[in-house]
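Whatever position you read off the sequence shown (first residue = 1), add 3 for my numbering. For each residue, glycine too, the CB sits at the ideal point set by N, CA and C.
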Amino acid sequence: MDVWKVNPDFYKVIVDPFTGKKVVVMPPIRPQVCIVHVPKCDVYGNAIEPGVFDDVLHQAADHVIVTTDEIVPVEYTQAHHTEVTLIGKFVDAIVKVPYGAHPGQCSGQYTHDEEHMKEYQLAAKDDAGFARFLEKYVYGRTNEQYLEAVGLGRLLKLKYY
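Next up, the structure:
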């Protein structure tokens, strides 16, 4: 299917000024909010996520919220300034959220939770199963209650030491 034919108000076909070939273009995505989870961040929003952070994602958003496993002293980010992947001047808010990337991995902190992901996949096969999953882990739960439902033992097995 030619997407530019289906939605010509969004997609445009233009001539690439460098190659002279026709290309499909669209307006840039401009999200209102970008939420990024990182292992470490200082109180000013200077965030460290070794090796995996796409450091331009936040530049597209009107507002940036950083969730982090650990709020570190400013002296830490200053001493590790070459590892800072997000500069605080782009950050609107910082929230400490232990295991905030769960069931995904958080670079240098913990690996992904394969058991939880399989539970999710199984639950998502039908509406009733998914509703039970949401009741168990999501609805009406704080982050601490979510982590309790996952289980401390399982979370500790995911941690890098």
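Ranked by Cα distance from residue 81, the first of 49, 100 and 107 is 49. When C-beta atoms of the segment 68-83 are compared with those of the segment 37-52, three or more pairs fall below 8 Å, so the two segments count as touching. For residue 40, the three-state secondary structure derived from DSSP is strand. Only exposed fits residue 163, as fewer than 16 other CB atoms lie within 10 angstroms of its CB. Looking at the backbone, the Cα of residue 125 and that of residue 132 are separated by about 8 Å. Inclusion of residue 102 and residue 60 in the CB contact set at 7 Å is not warranted, their separation being larger than that value. Residue 80: member of the alpha helix (DSSP H) spanning 77-82, first to last residue.
Judged by DSSP secondary structure, residue 139 falls within the alpha helix (DSSP H) whose first and last residues are 130-140. Distance from the Cα of residue 94 is smallest, within the candidate group 143, 107 and 64, for 64. In the structure shown, residue 8 adopts helical secondary structure according to DSSP, grouped into three states. Within the DSSP bridge table, the entry for residue 17 names 26 as partners.
Rounded to the nearest angstrom, the gap between the Cα atoms of residue 152 and residue 35 is 32 Å. Here residue 18 is actually not in contact with residue 27; their C-beta atoms are around 12 Å apart, not less than 8 Å.
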